[in-house]
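A.B. asks: The sequence shown lines up with residues 1 to 351 when you count with the numbering used here. All C-beta atoms in this analysis are idealised placements derived from N, C-alpha and C, irrespective of residue type, glycine included. Being a predicted model, the structure only gives us computed values, none of them experimental.
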Amino acid sequence: MRTVLTREMDGRRVLGPIWSGWRRGLGVSTAPEDADFGIEARHHRQPRGSRLRSGPLGDQPFPGLLPKNLSREELVDALRAAVVDRKGPLVTLNKPQGLPVTGKSGELTLLSVLPELSQSLGLGEQELQVVRASGKESSGLVLLSSCPQTASRLQKFFTHSQRAQRPTATYCAVTNGIPTASEGKIQAALKLEHIDGVNLTVPVKAPSRKDILEGVKKTLSHFRVIATGSGCALVQLQPLTVFSSQLQVHMVLQLCPVLGDHTYSARVGTVLGQRFLLPAESTKPQRQVLDEALLRRLHLTPSQAAQLPLHLHLHRLLLPGTRARDTPIELLAPLPPYFSRTLQCLGLRLQ
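1) What's the C-alpha gap between R267 and L108?
2) Would you tell me roughly how many angstroms separate the C-alpha atoms of K284 and S245, rounded to the nearest one?
3) Hey, would you say Q97 sits closer than 8 angstroms to L65, going by beta carbons?
4) Give the secondary structure of V235 by DSSP, where H, G and I count as helix, E and B as strand, and everything else as coil.
5) Is S340 a contact residue of the ligand MG, with contact defined as CB to any heavy atom under 7 angstroms?
6) Identify which residue in K136, L346, P334, L247 has its Cα closest to the Cα of V101.
7) Looking at L346: is its Cβ nearer than 8 angstroms to the Cβ of C232?
8) Quick check on T201: buried or exposed, where buried means 16 or more other Cβ atoms within 10 Å of its Cβ?
9) Is it a yes or a no for the region 70 to 81 touching the region 311 to 321, going by three-plus beta-carbon pairs under 8 angstroms?
10) Which whole-angstrom value describes the C-beta separation of K95 and V131, a residue pair presumed to lie in contact below a C-beta threshold of 8 angstroms?
11) Which word fits F276, buried or exposed, when buried means at least 16 other C-beta atoms lie within 10 angstroms of its C-beta?
12) Cβ atoms of G273 and P309: under 8 angstroms apart, would you say?
13) What residue ranges within the region 150 to 187 form continuous beta strand (DSSP E) runs of no fewer than 3 residues, ordered along the chain?
14) Going by the CB atoms, is the gap between V204 and V216 shorter than 8 angstroms?
15) Span of the beta strand (DSSP E) holding V268?
16) Please state the DSSP three-state secondary structure of L65.
17) According to DSSP, is F223 part of a helix, a strand, or is it coil?
18) Does DSSP put L308 in a helix, a strand or coil?
19) If you draw a straight line from the C-alpha of I226 to the C-alpha of S161, how long is it?
20) Suppose contacts are defined by Cβ-Cβ distances below 8 angstroms. Is H311 in contact with R287 by that definition?
21) DSSP state of F276, grouped into three classes?
22) What's the call for T322, buried or exposed, on a 16-neighbour Cβ count within 10 Å?
23) Which residue from V271, S230, G229, P279 puts its Cα closest to that of V249?
24) Using CA coordinates, which residue listed in G229, F223, L114, L121 is at the minimum distance from Q254?
25) What is the C-beta distance between T175 and P257, in whole angstroms, given that I count them as a contact (C-beta under 8 angstroms)?
26) If distances are taken between C-alpha atoms only, which option among E127, P148, L247 comes closest to A169?
27) For Q129, which residues from the same chain have a beta carbon less than 8 angstroms from its beta carbon, with the 5 sequence-adjacent residues on both sides left out?
28) Below 8 angstroms between beta carbons: does that hold for A333 and V91?
29) State yes or no: is the C-beta of R72 within less than 8 angstroms of the C-beta of L121?
30) So P61 packs on Q344, CB below 8 angstroms; how close in whole Å?
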């Protein structure tokens, strides 16, 4: 497990015009007055009513979450409203936080309602399949395709990009704590371990060849801090590998857990204001604890903070152009309302 700092992001040079937007197109400034955060799906602006005001949160502390106990029909309606882009056989959704993509038989998941969603979108017998998706606890882009050949081509593109260490996905995260370095790489060997009836991602120090054969995976993410305020940071993350809860665990290793991470944040301890890592194998998941100053900035009570959703959003995805030499296509998804409100409360703005 080690952290390697870098002055350049590898994918920016390779993908040229698209990734130069990471540096120049996403400026950051404090925003105590304006809550229009400027992330939007192409041709889909957020409605004017989505602007949020700071102040007490009242009965709805986290606007934009899916209501509990949705029926299948209500979930299909919500997903249809979440469509941010349609081109040919491709359908792009902005998935709400907390919606699982897959699950056990009988559970209400994105995958379980794809037949109804396909019909609702007028695709007839062409049923959608998942090509790329954010995880259950994160929000953001989900790429679907009604054409198996197109889905296969995209999967090959993502696999090739990963092997070449060219990032195709960019996440936004708000972290409780500010990383020491403003940008760099996070490298860690990770494994899944069954602890107290739950599968958790655990770092492995100096993995052996046997460990790798038994499921330990070397993982890599790029990070860049784009704004700080009130002891928190707005961070852009680009995973170069795929592993369960990779980004959450990587930020814990930086002693800066993602806001709303009620699974791994307990691994960061504090003594006399100094943070340190607790043993992952013996630290049980628990509700994230925020200090009083941060609670005041967020206008949250401790009981509301215990329900804080994970602030991890897949907001940008690159797709291949029609021809091999074409510039990659960029898909964007708006931030959830609760995420935008958190940025405003912390005085941050993402353009």
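C.D. replies: The relevant details are as follows:
1) So the two alpha carbons sit approximately 31 angstroms from each other.
2) Approximately 15 angstroms, taken between the alpha carbons.
3) It is a contact, given that the beta carbons lie within the stated cut-off.
4) In the three-state scheme derived from DSSP, where H, G and I count as helix and E and B as strand, V235 is classed as strand.
5) By its list of ligands, the structure shown contains no ligand whatsoever, and the ligand MG lies outside what it can speak to.
6) That would be K136, whose Cα lies nearest to the Cα of V101.
7) Cβ distance < 8 angstroms, so L346 and C232 count as in contact.
8) Buried, since its Cβ has 16 or more Cβ neighbours within 10 Å.
9) No, the region 70 to 81 does not touch the region 311 to 321.
10) Actually they are not in contact, since the Cβ atoms of K95 and V131 sit about 13 angstroms apart, beyond 8 angstroms.
11) Counting other Cβ atoms within 10 Å of its Cβ, F276 stays below 16 and is therefore classed as exposed.
12) The Cβ atoms of P309 and G273 do not sit closer than 8 angstroms to each other.
13) List check, beta strand (DSSP E) in window: 169 to 176.
14) Taking C-beta atoms as the reference points, V216 and V204 count as a pair closer than 8 angstroms.
15) DSSP places V268 inside the beta strand (DSSP E), whose first and last residues are 268 to 271.
16) Reduced to three states, the DSSP call for L65 is coil.
17) In this structure, F223 counts as strand in the three-state DSSP scheme.
18) Reduced to three states, the DSSP call for L308 is coil.
19) Here the C-alpha atom of I226 lies approximately 24 angstroms from the C-alpha atom of S161.
20) Not in contact: H311 and R287 (Cβ atoms no closer than 8 angstroms).
21) Three-state DSSP puts F276 in a strand.
22) Counting Cβ neighbours within 10 Å, T322 comes out exposed, since fewer than 16 surround it.
23) Answer by Cα proximity: P279.
24) When the alpha-carbon of Q254 is set against those of G229, F223, L114, L121, the nearest one is in F223.
25) Between P257 and T175 the Cβ distance is about 7 angstroms, and since that is below 8 angstroms, they are a contact.
26) Restricting attention to E127, P148, L247, the CA atom closest to the CA of A169 is found in L247.
27) Counting only Cβ-Cβ distances below 8 angstroms, and skipping sequence neighbours, we find L114, L144, S145, S146, P148, A151.
28) Contact: no.
29) Contact check for R72 against L121 fails: the beta carbons are separated by 8 angstroms or more.
30) Here P61 is actually not in contact with Q344; their C-beta atoms are around 14 angstroms apart, not less than 8 angstroms.
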